[in-house]
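Count along the sequence shown from 1, add 949, and you get the number used in my numbering.
Cβ coordinates follow ideal geometry from the N, Cα and C atoms, glycine included.
Please read the structure below before turning to the comments.
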Amino acid sequence: HIFTLPWKVLFALVPPTDFCGGYLAFFLSLLFIAVLTMLISDMASMFGCIIGFDPGFTAITFVALGTSLPDLFASRSAAMHDKYADA
């Protein structure tokens, strides 16, 4: 839980949806997601530079990992909890 604490604190700053009809929460969430995406992109770029990967290769690899791993874990969890799954 110590690794997720900064993220939890950051997103705890989003106000409840009762304020301004939810628009403030929506746009503040969008802003936080944009900033975090920018930071993670920069960190992945620096990591690729340190290892010596081509920027295009680094981008494709991290995008593939970022989109495939959550699906993998969701599928694994669904298969483990369904008694009729092909596990």
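Have a look at residue i and residue j and give me their C-alpha separation to the nearest angstrom.
| i | j | result |
| --- | --- | --- |
| S1026 | L1014 | 18 Å |
| M1031 | S1024 | The sequence shown places Asp at residue 1031, rather than the Met named in the question. One C-alpha to the other measures close to 11 Å. |
| P965 | G971 | 7 Å |
| F976 | V958 | 18 Å |
| S1038 | H950 | What the structure shows of the chain is the stretch from 950 to 1036, and residue 1038 is not part of that stretch, so it cannot be assessed. |
| T1016 | F968 | 33 Å |
| A983 | I1009 | 19 Å |
| F960 | L985 | 11 Å |
| S990 | F1002 | 15 Å |
Of all the options the options, which has the alpha carbon lying nearest to the alpha carbon of residue i?
| i | options | result |
| --- | --- | --- |
| L980 | F996, C969, D991 and V963 | V963 |
| M992 | F976, A974 and F1011 | F1011 |
Taking the alpha helix (DSSP H) that residue i falls in, what are its first and last residues?
| i | result |
| --- | --- |
| V963 | Per DSSP, V963 belongs to no alpha helix (DSSP H) and is neither H nor E. |
| D1020 | P1004 to H1030 |
| G997 | Y972 to I1000 |
Going along the chain, which residues of its own chain have a beta-carbon closer than 6 Å to the beta-carbon of residue i, five neighbours each way excluded?
| i | result |
| --- | --- |
| G997 | T1007 |
In chain order, what residues of the same chain have a beta carbon less than 7 Å from the beta carbon of residue i, not counting five sequence neighbours either side?
| i | result |
| --- | --- |
| L954 | none |
Keeping to the same chain, check which residues put their C-beta closer than 8 Å to that of residue i; ignore five residues upstream and five downstream.
| i | result |
| --- | --- |
| D1020 | none |
| G1005 | none |
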